[in-house]
Structures are given as structure tokens and as C-alpha cells.
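**Q**
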Amino acid sequence: MRDYKWLHEFCLNRFGSAKALEAMLPQPRSDAELRALSDDRYLSLISLRIFRAGLKHSLVDAKWPAFEEVFFGFDPEKVVLMGAERLESLMQDARLIRHLGKLKSVPRNAQFILDVRAGRLQGSPSSGAARHLLPEGEGHQARPAADFSFGTLIADWPVSDIVGLWKYLAKHGSQLGGLSAPRFLRMVGKDTFVPTDDMVAALKAQGVIDKAPTSLKDLAAVQAAFNQWQAESGRPLCQLSVMLAHTVNH
Numbered sequence: 001m002r003d004y005k006w007l008h009e010f011c012l013n014r015f016g017s018a019k020a021l022e023a024m025l026p027q028p029r030s031d032a033e034l035r036a037l038s039d040d041r042y043l044s045l046i047s048l049r050i051f052r053a054g055l056k057h058s059l060v061d062a063k064w065p066a067f068e069e070v071f072f073g074f075d076p077e078k079v080v081l082m083g084a085e086r087l088e089s090l091m092q093d094a095r096l097i098r099h100l101g102k103l104k105s106v107p108r109n110a111q112f113i114l115d116v117r118a119g120r121l122q123g124s125p126s127s128g129a130a131r132h133l134l135p136e137g138e139g140h141q142a143r144p145a146a147d148f149s150f151g152t153l154i155a156d157w158p159v160s161d162i163v164g165l166w167k168y169l170a171k172h173g174s175q176l177g178g179l180s181a182p183r184f185l186r187m188v189g190k191d192t193f194v195p196t197d198d199m200v201a202a203l204k205a206q207g208v209i210d211k212a213p214t215s216l217k218d219l220a221a222v223q224a225a226f227n228q229w230q231a232e233s234g235r236p237l238c239q240l241s242v243m244l245a246h247t248v249n250h
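Numbering (the UniProt record's numbering) for the sequence shown: 1 to 250.
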């Protein structure tokens with residue numbers, strides 16, 4: 001595996017200048033910004049990611065105001081009360097994307113958010129029994145459930161184990177497996193890498209993995225590589241991810 005110096009020099013040569021390189025790199029949100037984002041916005045963005053999967057994003061985005069209306073502004077406490085009959089009736093609403101499985105994921109993820117808030121999940125950060133989901137030594141403090149939100153979960157999760165957050169979202173949420181969890185995190189501004197086809201090709205070229213990272217072993221290897229590049233550069237994971245993807249020639 002090559003070091004960050006090589007990666008930086010490669011990207012400088014590809015984009016022609018440091019200014020051009022910096023201009024195309026994403027910026028993650030701060031922990032304070034992630035905590036300030038309300039639970040209804042997290043539910044809206046989770047749902048938007050799920051409905052975007054396999055469809056043209058502009059088509060989904062154009063319909064999203066109607067989704068906001070029928071799902072009560074994605075207020076988790078209201079959405080969680082929507083039963084099967086109500087969801088099936090939405091299949092007749094031409095303003096929506098009428099995919100029953102994805103429609104059903106919305107109240108399920110509303111329940112997920114409420115469970116995180118209340119500390120009802122095994123190992124939840126707000127659970128008194130678990131103390132805190134995050135590893136010791138990260139400088140995080142356990143909080144009572146009343147002071148916890150989904151944004152706290154997202155903000156406080158250490159990026160040195162971002163694949164752990166992917167797994168947590170996939171396990172407890174609905175339709176958040178595969179690339180959905182990292183893409184959702186990128187949407188909300190949580191610092192993460194995303195294993196796109198180009199990034200996977202670059203990681204193969206670096207000898208980090210030999211196939212798309214789906215196993216725990218391969219995900220751990222990818223996390224370790226990004227942790228090393230971050231330690232060498234001080235850059236957020238999202239920037240390293242984009243830079244690495246651009247080492248693949250088209």
C-alpha cells in the first residue's frame with residue numbers, strides 16, 4: 001500500500017494545482033452540526049437515500065415535497081403510528097414513488113430512531129446498561145436517554161470505526177445494507193469513505209483488498225488503510241475517499 005505522499009502527488013498531477021484539487025474535495029459537517037440536525041431531518045434523509053436507490057436522483061428529489069406531506073414532515077413519533085392499511089393506501093398516490101417495500105421502511109426507520117433516542121437497542125449509546133457504544137479513550141461521555149438523539153449517535157461515532165456505524169445502521173435500520181448506510185452518512189455530512197466502484201478498484205490496486213469489501217475482514221482492512229492515510233495527512237475520510245477514487249484512470 002502506497003503512503004499519503006504518493007496519493008497527494010498523484011492528485012496534484014491529475015488536477016494541475018493544489019487549488020484545483022481542494023476545490024473538488026467535500027467537507028464533512030462538524031459534530032455540533034450533526035447533533036443539531038433534528039430527528040425528523042435524519043428520517044427524511046434516510047428515506048430519501050432508500051428511495052433514490054436504483055432510481056434517477058432528480059426524479060426522486062422532485063417528488064420529495066409530497067413525501068414530506070404524507071409522512072407528516074417525517075416526525076418519527078407520528079410516522080411510527082402509520083399502519084399497514086395507511087401505507088397500502090399510499091400506493092394509490094400518484095405523487096409518490098409507489099414501492100411498497102420502501103414505503104414500509106419509513107415507519108420502521110422511525111421506530112429505529114425512537115429506539116436509539118430511548119436507549120432500547122442492545123449496545124445503544126444511550127443505554128445505561130451499555131454505558132456507551134463507543135470505544136473507551138475516544139473522549140466521549142455516556143449520556144442519559146433524555147439527552148440523546150439520533151444526531152448524537154451519528155456525531156459521536158468515531159470515524160476510526162466508521163464501518164462499525166455502517167453495520168449498526170444496517171442491523172437496526174430498514175433497507176440500510178450495502179452502500180445505503182455510507183451513502184446516507186455522506187448525504188448528512190458525517191465523515192465517511194464510500195466504496196464506489198472506482199474506490200474499490202483503487203484499493204485493489206493498492207493491495208488492500210482483492211474484491212469488493214463485504215466481509216468483516218475486508219472492511220477492517222479498508223478501515224485500517226484509511227486510518228493510516230488519515231494519520232499521515234490529517235484529512236477527513238471523505239476527502240481521502242474522493243482522492244483515492246481519482247487514482248483510477250478512465
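By construction, the Cβ of each residue, glycine as well, lies at the ideal position given by its N, Cα and C atoms.
Going by the beta-carbon positions, is the gap between GLN27 and CYS238 smaller than 9 Å?
**A** yes
**Q** Skipping 5 residues on each side, what residues in its chain have a beta carbon closer than 7 Å to that of LYS78?
**A** PHE72
**Q** Taking only runs that begin and end inside the stretch 48–129, name each unbroken alpha helix (DSSP H) of 4 or more residues, in chain order.
**A** DSSP runs (the alpha helix (DSSP H)) wholly in the stretch 48–129: 57–70, 76–79, 84–90, 100–118.
**Q** Determine contact between the stretch 150–157 and the stretch 27–45, defined as no fewer than three beta-carbon pairs at a distance below 8 Å.
**A** yes
**Q** Taking all protein chains shown into account, do 16 or more other C-beta atoms lie within 10 angstroms of the C-beta of GLY173, making it buried, or fewer, making it exposed?
**A** By the 10 Å Cβ count, GLY173 comes out buried.
**Q** Using 8 Å as the Cβ pair cut-off and three pairs as the minimum, do the stretch 96–108 and the stretch 158–165 touch?
**A** no
**Q** Could you tell me the alpha carbon to alpha carbon distance between ALA220 and GLY177, rounded to whole angstroms?
**A** Each residue's Cα considered, the two are about 17 Å apart.
**Q** Count the other CB atoms within 10 Å of the CB of ARG49; is the residue buried (16 or more) or exposed (fewer)?
**A** Buried, because 16 or more other Cβ atoms sit within 10 Å of the Cβ of ARG49.
**Q** Quick one: using the 10 Å Cβ neighbour count with 16 as the cut-off for buried, is PRO65 buried or exposed?
**A** exposed
**Q** From the DSSP output, in three-state form, read off ILE209 for me.
**A** Of the three classes helix, strand and coil, the one that applies to ILE209 here is coil, per DSSP.
**Q** Should TRP229 be labelled buried (16 or more other beta-carbon atoms within 10 Å of its own) or exposed?
**A** buried
**Q** Sorted by chain position, which residues of the same chain lie with C-beta nearer than 6 Å to SER233's C-beta, five sequence neighbours on each side aside?
**A** TYR4
**Q** Look at PHE184 and ILE46 and say whether their C-beta atoms are less than 9 Å apart.
**A** yes
**Q** Would you kindly report the start and end of the unbroken alpha helix (DSSP H) that includes GLN239?
**A** 237–245
**Q** Could you pull out every residue in the same chain whose Cβ sits closer than 7 Å to the Cβ of VAL208, ignoring the five residues on either side in sequence?
**A** Excluding residues within five positions, the ones whose Cβ falls inside 7 Å are MET1, ALA221, VAL222, ALA225.
**Q** If I measure Cβ to Cβ from ALA202 and keep anything under 8 Å in the same chain, skipping five residues before and after, which residues do I get?
**A** LEU244, ALA245, THR247, VAL248
**Q** So, for PRO213: in the same chain, excluding its five sequence neighbours on each side, which residues have a beta-carbon less than 8 Å away from its beta-carbon?
**A** Cβ within range, chain order: PRO195, VAL200, LEU203, LEU219, ALA221, VAL222.
**Q** Just reading off the alpha helix (DSSP H) that LYS217 is part of, what are its end residues?
**A** 216–233
**Q** If you measure between the beta carbons of LEU100 and LEU87, is that distance less than 9 Å?
**A** The answer is yes: Cβ separation under 9 Å.
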